[in-house]
Amino acid sequence: MPRRPVEELEAGRAFYAQLAPDLDVGHFAAMWHTFTVGHLLATDLDRIARRHDLSIADLHLLGTIRIERPEQLRATDLALTLHVCNAVLSARIARLESQGLLVRTPSPADRRAFQLTLTADGAAKTDAAIADISRSGAFARRYRTLRDEDRAALARIMGELHNLLDRDFVGATRGKL
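Just so you know, the sequence shown maps onto residues 5 to 181 in the numbering used here.
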């Protein structure tokens, strides 16, 4: 019979604390819940992205390009932002370009570089998927049920952890972790 998440966590924490009494298991709850919620979130986001003929990785790329900035991200900055290697980014860009969702144009400032711009179809598809996540995503729906102060605390804590962890992985891509 499946256990509730908190019961499963306590069983794991008790097991490892008994197995190795000198092991610090204080981080288990936060780590396990974050990992599990992340997995559930990724599954939900990918399900919604697929309704728009995208993967969540494609949507992440398109959404990052869609954000208006004072200066466009260079390909190397985009790869770092998405935590992928340049080869993965290049392949994804080529595929999305062939689908008519983005265009690659030479950079006027650096002839070795290029600029990425969403097509009208790419922007519309990105906006529709983002709106769909907000309307029907399980995380968004459950998040809205939390009290305002809990939402603020969650955003603050996860933001702090994200900033701290990002420092450990600067320049690392998924293939190099």
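No residue lacks a Cβ here, since even glycine has one placed at the ideal position from N, Cα and C. All of these numbers come straight from a predicted model, not from anything done at the bench.
Worksheet item: Roughly how many angstroms separate the alpha carbons of Asp125 and Pro9, rounded to a whole number?
Response: CA-CA distance, Asp125 to Pro9, rounds to 41 Å.
Practice prompt. Report the three-state DSSP secondary structure of Phe184 (helix, strand or coil).
Written response: The chain is shown from 5 up to 181; residue 184 falls before or after that span and cannot be answered.
Worksheet item: Thinking C-alpha only, which one of Glu164, Gln76 and Ala144 is nearest Pro112?
Response: Considering only alpha carbons, the answer is Gln76.
Discussion item. Buried or exposed for Ser130, going by 16 or more other Cβ atoms inside 10 Å?
Written reply: It should be noted that the sequence gives Thr, not Ser, for residue 130. Around the C-beta of Thr130, 16 or more other C-beta atoms lie within 10 Å, and the residue is accordingly described as buried.
Discussion item. Can you give me the C-alpha to C-alpha distance between Ala157 and Ala24, rounded to a whole angstrom?
Written reply: When rounded, the distance between both Cα atoms is 33 Å.
Worksheet item: Using a Cβ-Cβ cut-off of 6 Å (strictly less than) and excluding sequence neighbours within five positions of Ala33, which residues of its own chain qualify?
Response: Within its own chain, the residues whose Cβ lies closer than 6 Å to the Cβ of Ala33, once the five positions on either side in sequence are excluded, are Leu13, listed in chain order.
Worksheet item: Around the C-beta of Arg7, are 16 or more other C-beta atoms found within 10 angstroms, so that it is buried, or is it exposed?
Response: Here Arg7 is exposed, its C-beta having fewer than 16 other C-beta atoms within 10 Å.
Discussion item. Classify Ile97: buried if its beta carbon has 16 or more other beta carbons within 10 angstroms, exposed otherwise.
Written reply: By the beta-carbon neighbour count (other beta carbons within 10 angstroms, threshold 16), Ile97 is buried.
Discussion item. Rounding to the nearest angstrom, what Cα-Cα distance links Arg99 and Asn90 in this structure?
Written reply: The straight-line gap from Cα to Cα measures roughly 14 Å.
Fill in: Pick from Arg146, Ala133 and Asn167 that is closest to Ala52, judged by C-alpha positions
For the record, residue 52 in the displayed sequence is Ile; it is not Ala. Considering only Arg146, Ala133 and Asn167, the residue with the shortest C-alpha distance to Ile52 is Ala133.
Worksheet item: Where do the N-terminal and C-terminal ends of the beta strand (DSSP E) with Gln119 fall, by residue?
Response: That run of the beta strand (DSSP E) goes Phe118 to Leu122.
Practice prompt. Pick helix, strand or coil for Val10, following the three-state DSSP scheme.
Written response: Val10 falls in the helix class under three-state DSSP.
Fill in: 4 or more residues per run - each alpha helix (DSSP H) lying fully within the segment 37-101
Uninterrupted alpha helix (DSSP H) stretches at least 4 residues long and entirely within the segment 37-101 occur at 60-70 and 79-86, given in chain order.
Worksheet item: Touching or not, the segment 76-87 and the segment 105-123, by the rule of three or more beta carbon pairs under 8 Å?
Response: Per the Cβ contact rule, the segment 76-87 is in contact with the segment 105-123 (3 or more Cβ pairs under 8 Å).
Practice prompt. Return the residue from the list Leu27, Ala159, Asp62 and Leu169 that minimises the CA-CA distance to Ala127.
Written response: It is Asp62 whose Cα lies nearest to the Cα of Ala127.
Fill in: In chain order, each alpha helix (DSSP H) run of at least 4 residues that lies wholly inside the segment 133-177
Those alpha helix (DSSP H) runs which fall completely within the segment 133-177 and span 4+ residues are 142-147 and 152-172.
Item to complete: Identify whether Arg115 lies in helix, strand or coil by the three-state DSSP scheme.
Response: Three-state DSSP puts Arg115 in coil, outside helix and strand.
Practice prompt. Compute the Euclidean distance between the alpha carbons of Asp136 and Asp172, then round it to the nearest angstrom.
Written response: Taking the straight line joining both Cα atoms gives about 33 Å.
Discussion item. Could you tell me the alpha carbon to alpha carbon distance between Gln22 and Glu153, rounded to whole angstroms?
Written reply: Here the alpha carbons of Glu153 and Gln22 stand approximately 36 Å from one another.
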